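Here is the structure we will look at.
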Amino acid sequence: MSTQVTDDHSATGVVEPANGSALATSLPESIPAVQRMRQLASLTTLPFMCVDGGSGDVLFRQEELALGLMPEAIRERLDEFDVPQVVVLDSGLMFYGTRLPSHEGRGLLAIGYMLSEPGARPQDVVIGAAEAGWSNERLANWLGEQRHSHPQIVKRLLETGDGRVGRNELMEQEIEHLSRHVEQTYEEISLLHAVTGKMQISRGVLDIADLCLERLHASIPAGGTLVYLEDRPGQTHMPYLGELPFSEDSLVRLVARFDDHDWSQPVVRNHMGRTLLGAEFPGLESLVIVSISEGSHRSGWIVCCNCAEGGEFGSVEASLLNSVASILGTHLRNIHLYREHDELLLGFVRSLVSTLDAKDPYTAGHSERVALVARLLGKAMHLPEGDLHDIYLAGLLHDIGKIGVDDNILRKPGDLTDEEYKSIQAHPALGYEILSGLKNLHPVLPGVRSHHESYNGTGYPDGLQGEGIPLMARILAVADSYDAMNSDRPYRTGMPVDAIETIFHRGAGHQWDAKVIDVYFGIRDDIARICRDHTRSDRTILSELSGEFQN
Numbered sequence: 031m032s033t034q035v036t037d038d039h040s041a042t043g044v045v046e047p048a049n050g051s052a053l054a055t056s057l058p059e060s061i062p063a064v065q066r067m068r069q070l071a072s073l074t075t076l077p078f079m080c081v082d083g084g085s086g087d088v089l090f091r092q093e094e095l096a097l098g099l100m101p102e103a104i105r106e107r108l109d110e111f112d113v114p115q116v117v118v119l120d121s122g123l124m125f126y127g128t129r130l131p132s133h134e135g136r137g138l139l140a141i142g143y144m145l146s147e148p149g150a151r152p153q154d155v156v157i158g159a160a161e162a163g164w165s166n167e168r169l170a171n172w173l174g175e176q177r178h179s180h181p182q183i184v185k186r187l188l189e190t191g192d193g194r195v196g197r198n199e200l201m202e203q204e205i206e207h208l209s210r211h212v213e214q215t216y217e218e219i220s221l222l223h224a225v226t227g228k229m230q231i232s233r234g235v236l237d238i239a240d241l242c243l244e245r246l247h248a249s250i251p252a253g254g255t256l257v258y259l260e261d262r263p264g265q266t267h268m269p270y271l272g273e274l275p276f277s278e279d280s281l282v283r284l285v286a287r288f289d290d291h292d293w294s295q296p297v298v299r300n301h302m303g304r305t306l307l308g309a310e311f312p313g314l315e316s317l318v319i320v321s322i323s324e325g326s327h328r329s330g331w332i333v334c335c336n337c338a339e340g341g342e343f344g345s346v347e348a349s350l351l352n353s354v355a356s357i358l359g360t361h362l363r364n365i366h367l368y369r370e371h372d373e374l375l376l377g378f379v380r381s382l383v384s385t386l387d388a389k390d391p392y393t394a395g396h397s398e399r400v401a402l403v404a405r406l407l408g409k410a411m412h413l414p415e416g417d418l419h420d421i422y423l424a425g426l427l428h429d430i431g432k433i434g435v436d437d438n439i440l441r442k443p444g445d446l447t448d449e450e451y452k453s454i455q456a457h458p459a460l461g462y463e464i465l466s467g468l469k470n471l472h473p474v475l476p477g478v479r480s481h482h483e484s485y486n487g488t489g490y491p492d493g494l495q496g497e498g499i500p501l502m503a504r505i506l507a508v509a510d511s512y513d514a515m516n517s518d519r520p521y522r523t524g525m526p527v528d529a530i531e532t533i534f535h536r537g538a539g540h541q542w543d544a545k546v547i548d549v550y551f552g553i554r555d556d557i558a559r560i561c562r563d564h565t566r567s568d569r570t571i572l573s574e575l576s577g578e579f580q581n
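All residue numbers for the sequence shown refer to the numbering used here, where the first residue is 31 and numbers rise by one.
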């Protein structure tokens, strides 16, 4: 498509405020379209108006565009601005623009204008200034201040800026998606850890059911939550919290409607009010049902109904209920298997670790080993159990920022260039950025951000020094360095332990906290065993780790 287009039309069709300087503000500044327009303006240094793509009405404009010009010639060609485009009118006025995100079903465009040649006095501008009540002197001054440029330059600038904004938005979406995934997984881990931690052999079935019910109702925004148990044939219990739109007998009828369902998967239903099932159970708008079972034996159900504030239940709630139901079913069916419940918790943790290690197969297992070693160091330093839990999670998440590092750099077998090394060095700050908006993960942030700081102040990203480095990060730094030196890499084999310990001796008080190094030497055999045993079968290591968490 040609960049420069001539057109004889010049009618403005503009309605301007009397003083000609007030902003058109038919749209709130917080909507995505206006935010994208401002980003585009910042990247290109071009001013823009937010324009209705159907009518051509100016809905929002920046101060630099004192006149909200929208000639009929441009209104007739708005569809050309679905992509970055420049249109030049015969009058000497050049319009440029591109597509913005829609708002409330209305297509929006970012459109701006400038002079196409110096000294131009476009008729569209003269008419618009007159309608705005400008004096001739003000018009002359305004024309003298206007920029001009070649259409090809403006179009190239617009294409570059539009592409950059698009890439930024894609990265933000990826970070937001990962953040939600991490937060959801953490919530699930925390709940499951709390539930399994209370499943003592001496506790009765109803006590365990009440515990699950309390935690689920606090975690899931539902109007009512219940646990239905068949303790033995003919003996049932249905503790619940909140308000239920049905009785126990009605619940049995409700579940019977799903007799042909595959109960290995949850039942999730939303917007039930206008369905036949909703008519049969008045007041029931949405629900999640999961089976409490062990193998083929079903002992009850967990049900959440009527999502709060008219919302919808989804995979997050279903997964959480399914996980709790699985734990509860195992406990009811085999109460003597309590000690294996931590295996389920650690299974969730290790599934999270696998997402962090997936980008670099050479470091697979690194995050989990760092978490285990760091927890051992913290335990030897007599830190409380809550701190040990935070250190362990920080170890799992310490390299999450590598999700933003190019795979080719992570897997490069040779030396890194300066630019590649800078990209690697960005991962602690990026990991901090990913996790900082997640309230429940705030305790791990010091370790994620500062695990590459050096005790003498030469580390990154903040150049912290000595006791100014968070203790969690100083512990992680030793654990991270130990595993990094002890593990094989594309460019070298793992170092022997005696060589690692020589480096630790030499770097104590310089790269690492000497007190943490001293603790390492006090438990080095335990650390070596943990790292060595990490490659053994899941059953063996998870059994040992369950003991660690219970102590």
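Heads up, the beta-carbon is just placed ideally off N, CA and C, and yes, glycines get one too.
The model shown is predicted, which means the values in this text are computed figures rather than measured ones.
For Val184, the closest C-alpha among the options Ala140, Glu106, Met124 is that of Met124. About 16 Å separates the beta carbon of Pro275 from that of Pro251, a gap too long to meet the 8 Å contact definition.
Ile61 sits in coil when the DSSP states are folded into three classes, being neither helix nor strand.
It is roughly 19 Å from the alpha-carbon of Pro148 to the alpha-carbon of Thr75. Under a 10 Å Cβ-count criterion, Tyr451 is classified as exposed, with fewer than 16 other Cβ atoms of the shown protein chains found around its own Cβ.
Ser329 sits close to Leu259, with the two beta carbons spaced by under 8 Å. Under the 8 Å Cβ criterion, the region 550–566 counts as touching the region 505–521, having at least three qualifying pairs.
In the assembly as shown, Ser146 is a buried residue. Its beta-carbon has 16 or more other beta-carbons within 10 Å. Under the three-state reduction of DSSP, Phe276 is assigned to coil, being neither helix nor strand. Taking 8 Å as the cut-off, the beta carbon of Leu97 is found no closer than this to the beta carbon of Ala170.
Pairwise C-beta distances place the region 482–502 in contact with the region 455–464, as three or more of them are shorter than 8 Å. Partner residues in the beta bridge of Gly127, as assigned by DSSP, are Gln115, Ile141. Tyr462 sits in a helix when the DSSP states are folded into three classes. Here DSSP, grouped into helix, strand and coil, assigns Leu271 to strand. Between Ser132 and Leu138, the CB-CB gap stays under 8 Å.
If you check the CB distance, Leu446 and Ile454 come in under 8 Å. Annotation: Arg68 to Ala503 spans about 38 Å, alpha carbon to alpha carbon. Partner residues in the beta bridge of Asp82, as assigned by DSSP, are Leu138.
In the DSSP assignment, Ser323 forms a beta bridge with Arg328. For Gly142, same chain residues with a beta-carbon under 6 Å away, outside a window of 5 residues either side, are Leu76, Pro77, Phe78, Tyr126 in chain order. Proximity to Asn198 across Leu350, Leu70, Thr523 peaks at Leu70, based on C-alpha coordinates. Spatial neighbours of Gly191 in its own chain (CB-CB distance under 7 Å, excluding positions within 5 residues in sequence) are listed in chain order as Leu70, Leu73, Thr74. Distance from the CA atom of Asp510 to the CA atom of Val400, rounded to whole angstroms, is 5 Å.
DSSP places Leu95 outside both helix and strand once states are collapsed to three, so it counts as coil.
The C-alpha of His472 lies about 6 Å from the C-alpha of Ser466.
Here Trp542 carries a strand assignment [DSSP, helix/strand/coil].
Taking all protein chains in view, the Cβ of Pro114 is crowded by 16 or more other Cβ atoms within 10 Å, so the residue is classified as buried. One alpha carbon belongs to Pro269, the other to Ser220, and they sit about 23 Å apart. With respect to the 8 Å criterion, Asn352 and Pro296 are classified as neighbours on the basis of their beta carbons. Look at His419 here: in three-state DSSP terms it is helix. Excluding sequence positions up to five before and after Ile439, its CB lies within less than 8 Å of the CB of Leu446, Glu450, Ser453, Ile454, all in the same chain and listed in chain order.
Residue range 396–410 is occupied by the alpha helix (DSSP H) that includes Val403. Here the C-alpha atom of Glu175 lies approximately 30 Å from the C-alpha atom of Ser60. Listed in chain order, the beta strand (DSSP E) elements of length 3 or more contained wholly in the region 278–316 are 297–299. Just so you know, the alpha carbons of Met411 and Val212 end up roughly 29 Å apart. Note on Thr255: 16 or more other CB atoms within 10 angstroms of its CB, so buried under the neighbour-count rule.
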